[in-house]
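J.:
Numbering (full-length UniProt numbering), first residue to last: 1 to 300.
(1) Mind checking which residues open and close the beta strand (DSSP E) that includes residue 191?
(2) So, using beta-carbon positions, are residue 263 and residue 219 closer together than 8 Å?
(3) Locate the alpha helix (DSSP H) running through residue 263, then write down its first and last residues.
(4) Is there contact here, the stretch 232-244 with the stretch 119-136, by at least three beta-carbon pairs under 8 Å?
(5) Beta-carbon separation of residue 172 and residue 269 under 8 Å?
(6) Return helix, strand or coil for residue 223, following the three-state DSSP convention.
(7) Do the CB positions of residue 28 and residue 234 come within less than 8 Å of each other?
(8) What did DSSP end up calling residue 73 once you bin it into helix, strand or coil?
(9) Assuming residue 175 and residue 273 form a contact by the criterion Cβ under 8 Å, report the distance between their Cβ atoms to the nearest whole angstrom.
(10) Whose C-beta lies closer than 7 Å to the C-beta of residue 124 among residues of the same chain, with five residues either side of it excluded?
(11) Going by DSSP, which residues form a beta bridge with residue 197?
(12) Once DSSP output is grouped into helix, strand and coil, what is the label at residue 271?
(13) Which class does residue 218 belong to by DSSP, given the choice of helix, strand or coil?
(14) Taking DSSP as the reference, what is the three-state secondary structure of residue 38?
(15) Tell me the rounded alpha-carbon separation between residue 256 and residue 62.
(16) Just to confirm, is the Cβ distance from residue 73 to residue 104 under 8 Å?
(17) Measure the C-alpha to C-alpha separation of residue 25 and residue 82 and round it to an integer number of angstroms.
(18) Leaving aside the five residues before and after residue 30 along the sequence, list all residues of the same chain whose C-beta is less than 6 Å from its C-beta, in chain order.
(19) In or out: residue 267 buried (at least 16 other Cβ within 10 Å) or exposed?
(20) In angstroms, rounded to a whole number, what distance separates the CA positions of residue 122 and residue 55?
(21) If we count the other Cβ atoms within 10 Å of its Cβ and call it buried at 16 or more, is residue 164 buried or exposed?
(22) From the DSSP output, in three-state form, read off residue 137 for me.
(23) Could you give the DSSP three-state label for residue 118: helix, strand or coil?
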């Protein structure tokens, strides 16, 4: 990630920094590759090169996925800070550039699994003069990024609580309970003491589930405060517990070892939509993108 140039100066490889941070945050080489639009092999090679350059082991790999080492834990906040500084430099440069229009979009990770790639490809083809900057983040971050102006618009998850934001619903689907069949007893009931992983009790969607206290939850142990849904999915696939998500979120395994059960509730639904600011008004680029997305037939 850091090397020396011919003149003895320090060179920072921003791509490696971004790659390391994403693997650390998602606990998944595959997810990091998808968000960076790299191949899985390219991400693996980058991390091997980083480990060789630093002389450290960043990640341990086992059947449950990717686990950061203590060295990675120490490096991550520094790498994240450098990345944020670089993003700040780019933002200042954009302001002083020729005025090239930029659309800054935040996409919640669960939502990104629902959207076909053509949502952005078609928009770029129709508006070649607009640069599209996409950030795929945990659903809990989307609202804050639009509220504080870091993003012009977001494809986010309802409900939205911040004032000064407008949510345009696009799709409302049932949510499912996911888990390994090994967590069911001989009658098909969930074994007492099984863990239910939630991202955060303060996340609106998870809070609704806790408020409803569905019957299946009576014998479960609630665990929240985990750092990302991708980490939760890894743990569920490894048989460590269960989670809740939309139909697109956690594909069932081909060997039939996973199950999914719908949660019957009109109130507790997977609702995704466009999130924009009201004051200040959305940018022209955000309005164009909103019109493009709402016109798509995939919401019918």
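Backbone N, C-alpha and C define an ideal beta-carbon position, used for all residues, glycine too.
T.: To lay it out plainly:
(1) According to the DSSP assignment, residue 191 belongs to no beta strand (DSSP E), since it is labelled neither H nor E.
(2) No.
(3) In this chain, residue 263 is not harboured by any alpha helix (DSSP H), its DSSP state being neither H nor E.
(4) Verdict: no, contact absent.
(5) In terms of Cβ geometry, residue 172 and residue 269 form a close pair [threshold 8 Å].
(6) When secondary structure is reduced to three states using DSSP, residue 223 falls in the strand class.
(7) Annotated as proximal: residue 28 and residue 234, with beta-carbon spacing under 8 Å.
(8) Helix at residue 73.
(9) Between residue 175 and residue 273 a beta carbon distance of about 16 Å is seen, past the 8 Å cut, so the two are scored as non-contacting.
(10) Taken in chain order, the residues that qualify are 132.
(11) 223.
(12) Under the three-state reduction of DSSP output, residue 271 falls in the strand class.
(13) Residue 218 falls in the coil class under three-state DSSP.
(14) Of the three classes helix, strand and coil, the one that applies to residue 38 here is coil, per DSSP.
(15) Residue 256 and residue 62 have their C-alpha atoms spaced approximately 21 Å apart.
(16) Cβ atoms of residue 73 and residue 104: not closer than 8 Å.
(17) Roughly 16 Å between the two C-alpha positions.
(18) Counting only residues of its own chain and dropping the five nearest sequence neighbours on each side, residue 30 has a CB closer than 6 Å to the CB of 40.
(19) It is exposed - the Cβ of residue 267 has fewer than 16 other Cβ atoms within 10 Å.
(20) For residue 122 and residue 55, the distance between alpha carbons rounds to 44 Å.
(21) It counts as exposed.
(22) Looking at residue 137 - three-state DSSP - the assignment turns out to be strand.
(23) If DSSP states are grouped into helix, strand and coil, residue 118 belongs with the helices.
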